[in-house]
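Protein chains in written order, with our numbering: chain S, 7 to 194; chain U, 7 to 194. Ideal placement from N, C-alpha and C gives every residue a C-beta, glycine not left out. What follows is a set of notes on a single structure, which appears directly below.
There are 2 protein chains.
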Amino acid sequence: MNTLSYGLLAFLAREPGSGYDVMLKIQPFWQAKHSQIYPLLAQMEENELLSSHWVKQCDKPDKKVYSITDSGIRKLKEWMYKPLPDPVTRDELSMKTFCMWMTDRDNAIDIVETRKSYFIRRLESFQSMQGKVTEEHKKFGTREFYDHLLIQKGIFNAAAGLEWCNWVLGILRECDYSEPPVLVKPSN
Amino acid sequence: MNTLSYGLLAFLAREPGSGYDVMLKIQPFWQAKHSQIYPLLAQMEENELLSSHWVKQCDKPDKKVYSITDSGIRKLKEWMYKPLPDPVTRDELSMKTFCMWMTDRDNAIDIVETRKSYFIRRLESFQSMQGKVTEEHKKFGTREFYDHLLIQKGIFNAAAGLEWCNWVLGILRECDYSEPPVLVKPSN
DNA sequence: CAATGCATGTAATGCGTTACATGATTCC
DNA sequence: GGAATCATGTAACGCATTACATGCATTG
């Protein structure tokens with residue numbers, strides 16, 4: 007049981023769904039492809055944390071709907087008491103920012119603009135999720151309240167990223183950016 | 007050549023250093039263990055992007071110092087024009103936030119406090135790095151200016167994370183948090 | 001004298017992505 | 001007729017973590 011497995015359990019603890027369903031729900035918060043998700047669900051079914059049955063659909067392919075079992079719920083609750091690992095972020099932009107002194111201004115701006123539009127897309131998507139949370143659920147007490155917290159987490163992060171992009175773009179555009187500094191190979 | 011390889015090259019393009027040196031420098035921005043770094047450096051030396059020589063030290067073990075080659079610099083510059091992938095974040099806290107309805111209040115607070123102290127540590131560490139950047143380098147034009155941008159990136163993110171934690175803790179503490187809601191297994 | 005930091009490496013395992021594979025339906 | 005969406009799976013590969021392995025110097 008890795009974190010992704012618990013994540014999938016967490017979504018299925020709210021309502022039953024197919025592998026495809028949970029994939030779509032989890033992706034804004036944890037990147038995972040279907041090729042990773044399907045085997046994990048099958049494995050959790052074997053361990054009796056999940057049960058499944060096939061549901062026929064008209065005008066769509068049949069789907070295998072998973073539901074959490076009592077044993078799955080117990081497992082999830084136990085997990086909530088296990089130590090929280092630090093988050094892991096891998097962002098090529100950090101590495102490229104560190105290298106910007108060796109490229110031209112237009113390219114530097116291009117790189118940051120690419121990221122900026124990513125954050126705008128993401129912000130919009132989180133805000134539209136937020137729009138679906140009713141006012142009473144933003145108060146407290148229900149399960150949906152925690153959707154609200156999670157979506158806000160996404161919004162806080164995307165907003166901070168966007169701010170940073172705008173701050174950097176401001177600097178890159180206002181300054182006169184001479185040719186990439188003459189390369190002096192570090193002496194050793 | 008994966009992103010980590012380019013990242014290591016990027017740090018060695020500033021100044022030569024040992025595997026251990028670059029490991030320490032890169033870690034605040036890209037999590038990687040020495041067991042991953044050493045083989046990559048060796049491989050890049052084979053491909054002549056790096057060269058190395060052993061440096062004797064008194065009262066410390068000898069170290070193998072790598073320097074970037076002209077070919078390495080060319081490779082880095084080319085990389086700067088390749089498309090920027092989206093960042094990847096894997097945060098167990100997201101999954102646990104989504105599950106907070108099934109645990110008790112004290113545990114929920116505990117989880118968020120754990121993360122809060124992580125962000126405080128991180129903020130302090132970035133701010134101390136920031137303190138080492140001189141005022142003239144915060145202006146523009148030099149290589150060190152991009153250190154400043156990168157450190158700010160870390161600060162923006164940690165600050166946003168911290169804000170979210172405080173916001174959540176405020177809610178969890180002010181509300182009367184009844185026993186974890188009676189578990190109703192979703193019907194299917 | 002035990003723990004921590006400096007320093008370098010390899011091996012095994014686990015996690016994640018890309019590619020392979022199939023097939024129905026809908027929309028342009 | 002081609003692309004996109006829904007739907008499920010497996011296989012191969014690459015990336016990352018943990019564990020194994022060694023050894024010296026310093027600090028408490």
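Paired residues, beta bridge with residue i - DSSP
i, result
"S:I74", "S:L56"
"U:L95", "The sequence given here has Thr at residue 95 of chain U, not Leu. U:T95 is bridged to S:T95."
"U:V61", "U:K69"
Residue range of the beta strand (DSSP E) that includes residue i
i, result
"U:V139", "Looking at the DSSP string, U:V139 is not in any beta strand (DSSP E), and its letter there is neither H nor E."
Coarse secondary structure for residue i, derived from DSSP in three states
i, result
"U:G147", "coil"
"S:K69", "strand"
"U:S193", "Residue confidence is low: U:S193 scores 43 on pLDDT, short of 50, so the model does not pin down where it sits. Its coordinate-derived value is still stated next. Coil at U:S193, not helix or strand."
"S:L90", "coil"
"U:C171", "helix"
"U:K122", "helix"
"U:A166", "helix"
"S:W85", "helix"
"U:Q37", "coil"
First and last residue of the uninterrupted alpha helix (DSSP H) at residue i
i, result
"U:T109", "Counting along the chain, U:T109 falls outside any alpha helix (DSSP H), and DSSP gives it neither H nor E."
"S:K6", "Shown here, chain S extends from 7 to 194; a query on residue 6 of chain S therefore has no answer."
"U:M29", "G25 to I32"
"S:L10", "T9 to R20"
Query raised in the report: Are at least three pairs of beta-carbons, each pair with one atom in the stretch 10-25 of chain U and one in the stretch 47-54 of chain U, less than 8 Å apart?
Result: yes
Report task. Taking 8 Å as the threshold, find out whether the stretch 121-141 of chain S comes into contact with the stretch 127-137 of chain U through three or more Cβ pairs. Result -> No contact exists between the stretch 121-141 of chain S and the stretch 127-137 of chain U.
Requested in this report: Determine contact between the stretch 114-129 of chain S and the stretch 160-176 of chain S, defined as no fewer than three beta-carbon pairs at a distance below 8 Å.
Outcome: yes
Query raised in the report: Counting Cβ pairs, one atom from each stretch, are 3 or more of them under 8 Å apart for the stretch 62-71 of chain U and the stretch 91-106 of chain S?
Result: A contact is defined here as three or more CB-CB pairs under 8 Å, and the stretch 62-71 of chain U fails this definition with respect to the stretch 91-106 of chain S.
Query raised in the report: Is it true that the stretch 140-149 of chain S meets the stretch 114-121 of chain U, where meeting means three or more beta-carbon pairs spaced less than 8 Å apart?
Result: no
Requested in this report: Kindly confirm or deny that the stretch 86-93 of chain S and the stretch 97-111 of chain U touch, where touching means at least three C-beta pairs closer than 8 Å.
Outcome: yes
Query - Cβ contact check for the stretch 37-47 of chain U and the stretch 18-25 of chain U: 3 or more pairs under 8 Å - result: yes
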